[in-house]
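**Student:**
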Amino acid sequence: MLENIDQIWFFLMLLPAVAFLYSSVGHGGASGYLALMALFSFPAEVMKPTALLLNLFVAGISFFEFYKRKHFKHSLFYPFVITSIPAAFLGGYMDVNASLYKHLLGIALIFAIVRLFGVFGKGRAVIALPTLWQGLITGACIGFFSGMIGIGGGIILSPLILLMGWGDVKTAAAVSAPFIWVNSAAGIGGLMMSGVSIGSEAFLLVGVALTGGWLGGYMGSGKMGVPVLHQVLAFVLLIASVKLFLV
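Next up, the structure:
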């Protein structure tokens with residue numbers, strides 16, 4: 493945990509930078525916040541609710557920017573979200589032991605690393621929208637896993653949309669942002685039902701994260717890309733992922 497004023501200031505400087513990078517690709521940043529908190533040795537019981545809360549606000553403002561520029565497709569979004577909401581609620585309700593939690597989070601961060609390095613490129617031409625059953629099953633699986641470990645699921649959904657040819661990179665970002673929002677809200681609901689509370693300090697961090705989140709969403713939804721910064725963030729996540737597996 494943060495033990496001195498220098499650590500606090502360093503954390504507060506990095507937080508909006510993480511929010512900026514993730515929101516520029518339509519994400520809320522939960523995996524980045526979790527990595528950051530892991531690097532600063534936050535307790536596991538604090539990390540999950542804090543990451544979901546920050547995710548909720550940053551994903552919301554990112555979606556607003558992408559929606560304004562007409563990148564959002566309703567027909568692609570709704571099949572995913574129908575099953576992801578109850579699945580994320582159930583996942584958030586589950587109590588995961590610390591060791592399993594770290595390994596699951598490490599796996600989730602690998603998805604983020606792959607996505608940020610641009611392994612899937614700019615996306616191929618859309619072949620077809622997913623069938624209803626594809627959307628429902630995909631939403632349920634991602635929602636449950638996301639709620640269980642405290643992320644919104646965008647780091648999984650975005651590359652999947654690109655890999656399957658369901659949309660281009662802008663569409664993937666625009667659909668992922670509200671998907672993250674509803675899953676984060678459901679995950680928080682599940683946590684509260686299980687007796688977990690969100691500390692007041694988490695709400696104070698929201699304002700800090702939103703400054704970077706708004707700027708990232710604004711720039712990412714326009715023409716400006718940040719591939720170099722994404723690679724830097726991927727390197728940071730790689731370090732955090734290794735730490736989670738080894739410690």
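First residue of the sequence shown? That's 493 in the numbering used here, and the numbers climb one at a time after it. The C-beta atom is built at its ideal place from N, Cα and C for all residues, glycine as well.
Of the choices Gly659, Leu506 and Gly518, whose alpha-carbon is the least far from that of Tyr525?
**Tutor:** Ranking Gly659, Leu506 and Gly518 by Cα distance to Tyr525 puts Leu506 first.
**Student:** Closer than 7 Å by C-beta to Met685: which residues in its own chain qualify, once you throw out the five before and the five after it? Chain order, please.
**Tutor:** So the list reads Tyr585, once near-sequence residues are dropped.
**Student:** Cutting at 6 Å between CB atoms, please list the residues of its own chain near Gly681, excluding the five before and the five after it.
**Tutor:** Within the same chain, Gly681 has close Cβ partners Phe581.
**Student:** Helix or strand or just coil, what does DSSP make of Phe684?
**Tutor:** Note that residue 684 is Met in the sequence shown here, rather than Phe. Met684 falls in the helix class under three-state DSSP.
**Student:** Grab the span of the alpha helix (DSSP H) containing Leu531 for me, first residue to last.
**Tutor:** Counting along the chain, the alpha helix (DSSP H) containing Leu531 begins and ends at Ala522 to Leu531.
**Student:** From Thr542, Phe532 and Gln499, pick the residue whose C-alpha is nearest to that of Ala694; which is it?
**Tutor:** That would be Thr542, whose Cα lies nearest to the Cα of Ala694.
**Student:** Give every residue of the same chain whose Cβ lies closer than 6 Å to the Cβ of Phe555, excluding the five residues on either side of it in the sequence, and list them in chain order.
**Tutor:** Excluding positions up to five away in sequence, the list reads Ala669 and Pro670.
**Student:** In its own chain, which residues sit with a C-beta less than 7 Å from the C-beta of Tyr593, not counting the 5 before and 5 after it?
**Tutor:** Ala536 and Ile641.
**Student:** Ile641 by DSSP, collapsed to three states: which one?
**Tutor:** Residue state, collapsed to three classes: helix.
**Student:** Once you ignore the five residues that flank Asp587 on each side, which residues in its own chain have a CB closer than 8 Å to its CB?
**Tutor:** Here the set comprises Ser686.
**Student:** Look up Pro651 in the DSSP assignment and say whether it is helix, strand or coil.
**Tutor:** It is helical.
**Student:** Quick test of your reading: Ile653 and Ala664, contact by CB under 8 Å. State the CB separation rounded to the nearest angstrom.
**Tutor:** 4 Å between Cβ atoms; contact.
**Student:** Helix, strand or coil for Gly699 per DSSP?
**Tutor:** Residue state, collapsed to three classes: helix.
**Student:** Closest by CA to Leu628, which one among Phe569, Ser689, Ser713 and Ala620?
**Tutor:** Among Phe569, Ser689, Ser713 and Ala620, the Cα nearest to that of Leu628 belongs to Phe569.
**Student:** Does Ser554 come out as helix, strand or coil in the three-state DSSP assignment?
**Tutor:** If DSSP states are grouped into helix, strand and coil, Ser554 belongs with the helices.
**Student:** Taking the beta carbon of Pro658 as the centre, do at least 16 other beta carbons fall within 10 Å, making it buried, or is it exposed?
**Tutor:** Per the sequence presented here, residue 658 reads as Trp, with Pro not at that position. The residue is buried, with at least 16 neighbouring Cβ atoms inside 10 Å.
**Student:** DSSP state of Ser515, grouped into three classes?
**Tutor:** DSSP places Ser515 in helix when its eight states are reduced to three.
**Student:** Using CA atoms only, rank isn't needed, just tell me which of Ala511, Ser516, Phe532 and Phe512 is closest to Trp501.
**Tutor:** Of the listed residues, the one whose Cα sits closest to Trp501 is Phe532.
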